[in-house]
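Quick note, the sequences are listed as chains A and B, same order.
Per this note's numbering, the first sequence starts with residue 1, numbered consecutively.
Per this note's numbering, the second sequence starts with residue 1001, numbered consecutively.
Every residue gets a Cβ at the ideal spot worked out from N, C-alpha and C, and that includes glycine.
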Amino acid sequence: MVNLTIDGKQITVSRTATIYEAALEAGINIPVLCYAKKLLPFGACRVCLVQVEQMKGRLIPACTTPVSEGMVVTTMSDEILKVRKTVLEFLLVNHVIDCPVCDKGGECDLQELTYDHEVVCNRFQGEKFNLETDEVNPLIERNMNRCVLCGRCVRVCDEVVAYGSYSFINRGFETKIATAYDRGLNCEFCGQCVSMCPVGAILPRPFKFKARPWQLKEVDTVCGYCGNGCTVTLGVLNNKVETIRFNDKIGVNDGNLCIRGRFGYSYVNSEERLTAPLVRKNGELVAATWDEALQAVADGFKQAGGAGLGILSGARLTNEELFLLKNLAKQAGTANLDHSGGECYKGLTEGVAGALGVAASTGTFPQVEECEAILAIRSDFYETHPVFGMVVNQAVKRNEAQLAIVADKRGKFAKLPGAKTLLHRPGQELEVLNGLARVLLDEGLARTEGVEGLDELRQALADFSAEQVATRTGVAAEALRETARQFAAAKKSAILLAYGLPYTAYSRELGIAAANLAILLGIPGRDGSGLYLCGEKANSQGVIDLGIMPQAGGLGAQAMLEAAANGKLSALYVVGEDVLTSYPDRGKVEKALDKVSFLVVQDIFLSPTAAKAHVVLPAASFAEKDGTFTNAERRIQRVRPGIPLPGQAKTDGAIFAALTEKLGGNLAFTGAEAIFAEIGRQVPAYAAVTFNGIGPQGFVWGGEILAPARRRLQPAGGATAVDGAFQLLTGSALYHSGTVSTRAKGPLAVINEAYVEFGRDDAKALDVKDGDQVKISGNGVELCLKAKVGNRLPKGVLFAPYHFAAAGINRLYKGEAAVAVTVSK
Amino acid sequence: MFTAIAKGLSITFKHMLPGHSTTVQYPTVKLKPSDRFRGLHRLVPTQDREKCVACYLCPTVCPAKCITVEAAENAKGEKYPRVYSIDLLRCIFCGYCVEACPVEALEMTAEYELANYRRADFEFTKERLLR
């Protein structure tokens, strides 16, 4: 700690603090322009100049100067004000000052500083730039005439996003921020630069000219897409979500968002939203009253009888709604309850739960930034959880963490400095993880105190020596050994694994293998370390916590679909999921939906699944709900309604309550608060906090480090290799999440249809170019898809994202790790 | 006493003589208000469009909340008011909107004959204000 005096105030701060940070701690505000909390100090703008007694003779930039013992700082004097004013005048020499038409007007740092410092005229004159604006892409507009060269966009894109779209080009007065070769922006479109720009040089295009910042009502809620649980602040005008506001004050994401969070909000305002219940009459779905629809559903459920009804839930309902759903299932007398395809989450509920006794990630996201070694299983981790990916970026770029990726393709992570990709043949993650575990055991690096099942694991790993694994997976034996040694030596380490609907194969085994590795490395329960199993959807963890899984004697999702297809299940209730598009094996789902005599779908859009239903109930999006989501690190966060429900739509919770009542039950809750209290009585982990006690940072149940109940190693069977010259992988694309993002303009503007991705070598060999139509056949199905050529894929591996209903990737993908396919033009 | 009465009445009678009345025969005769008079608003046109750039400062400053602006992008990529209307029934003619305008696109004219028959007629749209 260091003692110093700022404006006569004695303060003690950490020795790593800068003068600016020290002043902020003391409640003294120094104006800044190029400083941003999450970026490294830069010192570009010189607005934060202060006087330091020990460094007389010149003014010192507060944001880059570290504090030292006995420093005496003055932040405000006539001289300082004069200099700051001059600095602002310099900044305004080239600035176009088009505030009336600039969307930043009202929240512009330059505007505010100019106003505060009363810069009413400029003593200097210079050329105003007349550069063309970059409007090539549909999401981010760049008007470099307004730029003040603070470099915040350059730095955020490099330090946090690790994409590196921008750089300074030219020198002196000609300096500007540009992309490679000064072409238009073509990147991940996460919009981090938009959120960082202190002026109106980089703005969100979907929000162009829509409103002034002061007109917007701000509602802090949680993003409805992935399990990362980022806080998004809805900017609401006239009951419409017009934009997502920058907010780094609260939440786990530190103001970082991905394209889905920042630009994927528009589906909530969509014209295609369901606004009234629909009931099938004479083969047609027609609008009906709520009473009629609910009565029809209740009658249908009663007719099906308890065991004849199956309930499939999505993982984007709030915890409170899930609780009501569980009660509804009880009231309807059915034990057939499941979510998300019933398979993909088993790594957590069976794998990790079996190993550690807890079905959740053991650490929290911010800890990963401090980790020395990070193992990402599947490169798709950045695609499914981009904002968590940004934490990994920062760990690697700032804290020089060792990153190893067990993947079948070279994703975004592979490009990070020092990242090591253990590139294996498709579907062989399990082998690599087992290989790593074997190395740890062979070399005596494993931590085995208090660990059960060590001998069984040793036996099971007999065939997984580094060399054997190397021949089977294609990962060099030495790379395996090196990685294992690296992780054994690290004091803090993290293992990351994403799960979700397109990652069904070996989900349980992968969970076990990841847990084994974590146990052998001593990760569970160790300070700063963690095993992270991250769900694909916003409330994937909540669904597991609340037990939306087959009840005693009930059927799981796949069993329900089979039973329905065989006529053994007479009613199916699908809530908040387009099962036809997202579940593996569309043929099977289609058969089940066609065969089932009573299908009820509750959704916000008339999805392909809903189009088959007998009754469609219009539900609410995340922006219309009150309740809580639990993110992938067990953080319970408040979801707040920003806009009213469209038409007659009701929240899922209200529908469940009404249905329960129709079925003769009674669910008298006054609101989300009362339900949350009731959840606490049934799920002990949730009892530690009250609904209103959930703070701006949420509440992490089980604490920052979740203590494991046990450490049991379990054998996880090796995966079988897929034959064939070409192997198709499916998964999540960075720009989309689930199926609902295909209704949002932002993600659609970047990727609007399904594609199949080729590596350069394969594309050359097959003479396939970007945009060609190619035929992919496998599993007895032929699909015609647009080709996309990239650098990510090794030879013989193809990739197709699963989000698009029309493409029908899941006709081909039946839950395997990879599908052997043939390609023809 | 009589002289005082006569003096007073003479003033009264003098006003009866032609040319000594302050009454203006409105509507046949109309007064020209002062240059600083705050009457009906006017949106200033340029050659091909309105000068207004839809910055939203006038609806923001308006104490009566009578101005509605909706911005949009025109074919040239410029910001323009797709909707601009003033509800004169609410307007208190304070002139803050004119003062707030950064591009001098709004003026207040000498027009003061604002009576009308229908409520809707007091809604002054962009077309009516552009004169």
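- DSSP places A/S313 within a strand segment (E or B) once states are collapsed to three.
- Residues of chain A whose Cβ lies closer than 7 Å to the Cβ of B/A1071 are, in chain order, F209.
- Assignment of A/G106 by DSSP, reduced to helix, strand and coil, places it in the coil class.
- Residues of the stretch 1085-1119 of chain B with a Cβ closer than 8 Å to any Cβ of chain A, in chain order: P1102, V1103.
- For A/V543, the enclosing alpha helix (DSSP H) starts and ends at 540-545.
- Counting only the Cα atoms, A/V232 lies some 9 Å from A/N253.
- Among the residues facing chain B, A/P204 is not included, as its CB has no counterpart in that chain under 8 Å away.
- Between A/A476 and A/A470, the C-beta spacing is below 8 Å.
- Chain B has no Cβ within less than 8 Å of the Cβ of A/P138.
- Not one beta carbon of chain A lies nearer than 8 Å to the beta carbon of B/Y1026.
- Among the residues facing chain A, B/K1076 is not included, as its CB has no counterpart in that chain under 8 Å away.
- Within the stretch 1033-1060 of chain B, the residues whose Cβ lies closer than 8 Å to some Cβ of chain A are V1053, A1054, C1055, Y1056, L1057, T1060, listed in chain order.
- Boundaries of the beta strand (DSSP E) harbouring A/Q727: 726-731, taken from the DSSP string.
- Per the C-alpha coordinates, the member of A/G172, A/E816, A/S313, A/G305 positioned closest to A/V601 is A/S313.
- Here the stretch 548-561 of chain A makes contact with the stretch 330-343 of chain A; the two share three or more CB pairs at distances below 8 Å.
- For A/M560, the enclosing alpha helix (DSSP H) has its first and last residue at 557-565.
- Contact annotation: the stretch 1056-1064 of chain B does not touch the stretch 217-237 of chain A, with fewer than three C-beta pairs closer than 8 Å.
- Residue burial is scored here from C-beta neighbours: A/C121 has fewer than 16 other C-beta atoms within 10 angstroms and is therefore classed as exposed.
- Between the C-alpha atoms of B/E1123 and A/K786 there is a straight-line separation of about 53 Å.
- The contact set of B/K1126 on chain A, defined by CB atoms closer than 8 Å, is empty, because the minimum CB distance reaches about 16 Å.
- Considering only A/K210, A/R378, A/C99, A/V93, the residue with the shortest C-alpha distance to A/G500 is A/R378.
- Under DSSP, A/G790 takes part in a beta bridge, and its partners are A/G759.
- Residue-level contact by beta carbon fails for A/R155 and chain B, as no gap is shorter than 8 Å.
- Comparing alpha-carbon positions, the option among B/K1014, B/G1077, B/I1011, B/G1019 lying closest to A/F209 turns out to be B/G1077.
- Residue pairing by DSSP places A/C784 opposite A/K775 in a beta bridge.
- Taking a beta-carbon distance threshold of 8 Å, A/R212 counts as an interface residue toward chain B.
- Within chain B, C1055 have C-beta atoms less than 8 Å from the C-beta of A/G105, given in sequence order.
- Within the stretch 417-491 of chain A, the runs of beta strand (DSSP E) at least 3 residues long that lie entirely inside it are, in chain order, 420-423.
- Counting C-beta atoms within 10 angstroms of its own C-beta, A/V136 has fewer than 16 neighbours from the protein chains shown and is therefore classed as exposed.
- Judged by their CB atoms, A/L185 and A/R146 are not nearer to each other than the 8 Å cut-off.
- If you look at A/Q192, you'll find it in the alpha helix (DSSP H) that goes 192-196.
- Non-local C-beta neighbours of A/C102 in its own chain, meaning closer than 6 Å and more than five positions away in sequence, comprise G200, ordered along the chain.
- When 7 Å is used as the limit between beta carbons, B/K1079 is near these residues of chain A: V101, F209, in chain order.
- The DSSP-derived three-state label of A/E590 is helix.
- With contacts defined by Cβ atoms closer than 8 Å, A/G363 and A/Y583 do not form a contacting pair.
- In the structure shown, A/Y225 falls within a coil segment according to DSSP collapsed to helix, strand and coil.
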